[in-house]
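Enquirer:
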Amino acid sequence: MNDPVADTVHELARRARVAARVLADTDRTAKDAALQAMADALLSDAPSILAANAADVQAARDGGTHEHLVDRLQLDSTRMSAMAEGTREIAGLPDPVGEVVRGSTLPNGLQLRQLRVPFGVVGIIYEARPNVTADAAALCLKSGNAVLLRGSGSAART
Numbered sequence: 002m003n004d005p006v007a008d009t010v011h012e013l014a015r016r017a018r019v020a021a022r023v024l025a026d027t028d029r030t031a032k033d034a035a036l037q038a039m040a041d042a043l044l045s046d047a048p049s050i051l052a053a054n055a056a057d058v059q060a061a062r063d064g065g066t067h068e069h070l071v072d073r074l075q076l077d078s079t080r081m082s083a084m085a086e087g088t089r090e091i092a093g094l095p096d097p098v099g100e101v102v103r104g105s106t107l108p109n110g111l112q113l114r115q116l117r118v119p120f121g122v123v124g125i126i127y128e129a130r131p132n133v134t135a136d137a138a139a140l141c142l143k144s145g146n147a148v149l150l151r152g153s154g155s156a157a158r159t
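Take the sequence shown: its letter number 9 is residue 10 in this note's numbering, and every next letter is one higher.
1. In or out: Asn3 buried (at least 16 other Cβ within 10 Å) or exposed?
2. Whose CA, out of Pro131, Ala61 and Arg73, lies closest to the CA of Met84?
3. Between which two residues does the beta strand (DSSP E) holding Ser105 run?
4. Using DSSP's beta-bridge definition, name the partner residues of Arg114.
5. Would the segment 135 to 147 count as touching the segment 15 to 25 if we require 3 or more Cβ pairs under 8 Å?
6. Here's a check: name, in chain order, each residue in its chain whose Cβ is nearer than 8 Å to the Cβ of Gly99, leaving out the five neighbours to either side.
7. Which first and last residues belong to the alpha helix (DSSP H) in which Gly87 is found?
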């Protein structure tokens, strides 16, 4: 029996696994450039993102969503700027990949090192907070991981 949703998720996960291998070997300069481009895109595409978000917010209100949940969903220029700034801040962080956490040398001269390495593929399911999309994508990229994001249906347009 075919399940189109399961088939789609499986294909996305397969692609993410392929991307994860590339990201694990991507150097800091390339990752930081991609993060800066993401921040630039958040700002340059803000008008269309905000228009899509306004439709999501209206649909949530029309559907009787509590106002505190609508506030989590709603974006404005200040929040868009904060998302871009947060992405730039992540770009400015040191690259965690390959960082030596601790190490020791055994009496026989063998050196042991514990290094930070990417997980591979990270899956994140979250509620109607469009800013989580930018934060999660940026953090995963910086740490050399591919990510599968599943936000709330109430933010589908955003």
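Where is the CB? At the ideal position from N, CA and C, for every residue including glycine.
Expert: So, from the listed chains and residues:
1. exposed
2. Sorting Pro131, Ala61 and Arg73 by C-alpha distance to the C-alpha of Met84 places Pro131 at the top.
3. Val101 to Thr106
4. Gly104
5. By the Cβ criterion, the segment 135 to 147 is in contact with the segment 15 to 25, since at least three pairs of Cβ atoms, one from each stretch, lie closer than 8 Å.
6. Leu116, Arg117 and Val118
7. Ser78 to Gly93
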